[in-house]
Amino acid sequence: MQTSEYAIEAHGLVKKFGNFVANDHLTFDVKKGEIFGFLGANGAGKTTAMKILCGLLLPTSGKIKVAGFDVYTQTNLIKKHIGYMSQKFSLYEDLSIEENFRFYGGIYGLSRKQIAERTSTMLKKLDIEPLRKSLISSLPLGIRQKLAFSVAIIHSPGIVFLDEPTGGVDPITRRQFWEMIYEASEQGITVFVTTHYMDEAEYCNRVSIMVDGRIEALGTPGELKKKFDATDMNQVFLKLARKAG
Amino acid sequence: MKRFVIKEFLHIFRDIRSMVILFGMPIAQVLLFGFAITNEVKDVRISVIDQSNDQHSLALTQKLYASGYFIDGEDIPSVTLIEEGFRKGVTKMVVVIGPGFASKLATGEKPPVQLIADASDPNTASLITTYASGIISDYSRGLMPGKGLPVISAEPRMLYNPSLKSVYMFVPGIITILLMLVSAMMTSISIAREKELGTMEVLLVSPLKPVEIVAGKVMPYVVLSFINAVTILVLSYFVFDMPVNGSVLLLLAESVLFILLALSLGILISTISNSQQTAMMLSMFALMLPTILLSGFIFPIENMPDVLQWISLIMPPRWFIVIVKSIMLKGTGIAFFWKETLILVAMTVVFLAASVKKFNIRLA
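Residue numbers (this note's numbering), protein chains in the order written: chain E, 361 to 605; chain B, 8 to 371.
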C-alpha cells in the first residue's frame, strides 16, 4: 500500500440514509500531494462523502481506501494519518495559541519536544511569535484561520481535509490562505478541500463537481472549462446545476 | 488523555462564570440555607394580654420572653384588637391569660391560657405554639412538683434534631442539589460547547476514541464535584456544628456514586442538545426542578398525591437524600440503606449505557 500513488481511492461509493441516496456510486482517485477540490451545492452530498473518508461514517457499499487504509476496518489507522479543519476553525477560544497546539499535538500522540519544535516553526512562518501566549478569542479571523490550518497539519498527516475553510474570510486573507495550502502540498501533503467559491476551484489541481449525490464532472479546471465551453469555473458550475434542475 | 484533562481544567479556570458556579455556589447555598432560610424559632414577636395581672401571670410572661424564642411585639390592649395586630404584622402570636389566673391555680381549677397564632404562615404558627405550650407546661410543672399531671402537658420531642436546627435538614438536600448541578449541568454544557464551536468534529476525526473523549470531559468534574461535597461538609461542620454521625468514608463513597450518576445524566443530556443553551435549559427543567421539588428535600414525599409519589420513585436525588440523612443524622451503616444504594447503582448503569449508546449512534 505504501507504493500506491494514490492518497484516496474511491470506487462505487454509495451511502444511503433509509431511502435517500446521499452518495450515488462516487468513483474518484486523489493522487499523493495533489490539491483536490470537492465542489457542489449545499445538500449535494459533499459533507457525507467527506465524513466517510474521515472514518466518521460507514459507507453502504463501495471500495474505499484512504491513506492506503480501508474505511470499513481500519478507521483508527485512517484517523492517525489525516488532518481535519472545519468551517468553524475549531480552535479553543479560551485557550492560548500555545495551549491549542499543545492540546492538538497531544491528542495525536506527539511528544512534548516535537510539539514545542513545530509550534515554534509554525509561529515563525506566520510571523506571529509574540502572540504565542495570547488567547485565540483576541486574534483576528484571518490569523485564527491560518492557525487552524497549522493545527490541522501539526502531526504531518498524509492527507488534510478542509471543509469550507475560507467561509466568511476576506479575499486577501483567502489568497494568503491558499499560499499556505500550496506550501503544504509542496511538502507532500495531499489536500482535499470543499468550497463554495468557484474562483478557488481554479487554484486546485483537479476538481470534482457533485450534483444530487453524483459526481457530474471531474478533471483539471482547464479540462472542465473546455468540455463545458465556459470561460471560468463559475460558468461550468452553473451549466451543470441547470442541467440537474 | 492527560492533555485532554489539562485542557478541560484550563477551560474551567478561564471561565469566570463556571468558576463562580463551581465554587461560589456551594458556599453561598450552605450559608443561605443555614442562616437566612431557617425554620427555627428565634426572636419571634409575640404579645401577651394579661387579664389577671397577678404574680403568676407576670412570672409566666417573664418566662416566655426569657426563653429566647420570643421578643416583645406591640402591646395589644384588648382581645378585640388581636386581628388588627395580625393584619398589621406587628405580632405573630398573642398569648391570652384569662382573669383570676393565680386564684384558679391555687384552687386547682385549670386556668386557661389561649395561644392565638397568625396561621397565614402555618409552619411558623405551628412551631411557635408548640414552643409556647412547652414553656407553659414547664412553668406549671414547676409550680406543682410531684403533683401528677401538669396543667398543660405539651411536650414536643424532636428525634435526631433535638434543638430543631433546620440546617440539619437542609445540608443533605444542598449536597444533593449541588452535586446534581455541578456534575450534570456543567458536563452537559461543556460537551454541548464543543459541539457548538465545532471542535467536537475535530475531536471525533482525531485518533481519540469516543470513550476517551467522554472520560476526558467528565474527569475534571468528578474531581471538582468531590471537592464541592467535601467543602459543604466541612462548612456545615464548622459553621453550623453539624456532625456526621456515621462513617465519613461511606458518605464520601456514596457521594462518588451519586456524582457518577449525575455525570451520566449530563452526558445523556448533551447527546440530545446541540447548543449550550439547550443543554442548560434541559438540565434546569429535567434535573434541577425535580430534584428540588420531588426529592423530599423541601416537600415531604408522604404528603404528595399518589402520581407524584410514583414519579419521585425514579428521581435519583430522592434515594441519595435518604442515604445522606441516614449517615449524617442517624449514624447508620450500609445495612440500613443497601436498597437505596443498589437503586442508585442500577440507575447509574442504565444511564451510562444509554448515553454511551447515544454517543455512538451520533457518530455513525
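All residues carry an ideal CB built from backbone N, CA and C; glycine is no exception.
Query	Result
Please check the pair residue 544 of chain E and residue 397 of chain E, which I expect to be a contact at CB under 8 angstroms, by giving their CB distance rounded to whole angstroms.	Contact doesn't hold; Cβ gap of about 15 angstroms is too wide.
Rounded to the nearest angstrom, what separates residue 570 of chain E and residue 595 of chain E at their Cα positions?	15 angstroms
Are residue 224 of chain B and residue 196 of chain B close, meaning C-beta to C-beta below 8 angstroms?	no
Could you round the C-beta distance between residue 98 of chain B and residue 81 of chain B to whole angstroms and report it? I think they count as a contact, below 8 angstroms.	6 angstroms
Taking the beta carbon of residue 78 of chain B as the centre, do at least 16 other beta carbons fall within 10 Å, making it buried, or is it exposed?	exposed
At 4 residues or longer, and completely inside the region 442-522 of chain E: list those alpha helix (DSSP H) runs for me, N to C.	457-467, 472-486 and 501-512
By DSSP, does residue 138 of chain B sit in helix, in strand, or in coil?	helix
Against chain B, does residue 369 of chain E count as a neighbour if the rule is that its beta carbon must be under 8 angstroms from one of theirs?	no
Identify every residue that forms a DSSP beta bridge with residue 124 of chain B.	B:100
Excluding the 5 residues flanking residue 554 of chain E on each side, which residues of the same chain have their C-beta closer than 6 angstroms to its C-beta?	398, 406, 523 and 524
Between the C-alpha atoms of residue 265 of chain B and residue 479 of chain E, what's the straight-line distance to the nearest angstrom?	42 angstroms
List in chain order: all unbroken beta strand (DSSP E) runs of 3+ residues lying wholly within the region 553-592 of chain E.	566-571 and 574-579
Three Cβ pairs or more, each shorter than 8 angstroms: is that satisfied between the region 239-250 of chain B and the region 322-333 of chain B?	no
Start and end of the beta strand (DSSP E) containing residue 78 of chain B?	77-79
Looking at the strands, I want to know which residues DSSP matches up with residue 54 of chain B.	B:101
Run the CB neighbour count on residue 581 of chain E, radius 10 Å, all protein chains shown included, and call it buried at 16 or more, exposed below.	buried
Is the separation between the beta-carbon of residue 381 of chain E and that of residue 528 of chain E shorter than 8 angstroms?	no
Nearest CA to the CA of residue 547 of chain E: which residue from E:517, E:521 and E:409?	E:517
Counting only runs of 4+ residues fully inside the region 265-290 of chain B, write out the alpha helix (DSSP H) ranges in chain order.	283-290
Could you give the uninterrupted runs of the alpha helix (DSSP H) lying entirely in the region 386-431 of chain E, keeping only those of 4 residues or more?	406-413
Look up residue 372 of chain E in the DSSP assignment and say whether it is helix, strand or coil.	strand
Which ranges does the alpha helix (DSSP H) cover as unbroken runs of at least 4 residues, wholly within the region 187-250 of chain B, from first to last along the chain?	193-204, 206-212 and 217-247
Starting from residue 11 of chain B, find everything on chain E with Cβ-Cβ shorter than 8 angstroms and list it in chain order.	463, 466 and 467
Are the Cβ atoms of residue 355 of chain B and residue 273 of chain B separated by less than 8 angstroms?	no
Label residue 252 of chain B either buried or exposed according to how many other C-beta atoms from any shown protein chain fall within 10 Å of its C-beta, with 16 as the threshold for buried.	exposed
Near residue 469 of chain E, what residues of its chain come up, given a Cβ to Cβ distance below 7 angstroms and the 5 sequence neighbours on each side ignored?	none
Going by alpha carbons, who is nearest to residue 491 of chain E out of E:460, E:390, E:512 and E:403?	E:460
Under 8 angstroms, do residue 212 of chain B and residue 416 of chain E count as touching if we go by C-beta distance?	yes
Kindly list, in the order they appear in chain B, the residues whose Cβ is closer than 9 angstroms to that of residue 432 of chain E.	In chain order: nothing, as chain B lies at least about 13 angstroms away.
Rounded to the nearest angstrom, what separates residue 282 of chain B and residue 493 of chain E at their Cα positions?	28 angstroms
Exposed or buried, what is residue 357 of chain B when buried is set at 16 or more other beta-carbons lying within 10 Å of its beta-carbon?	exposed
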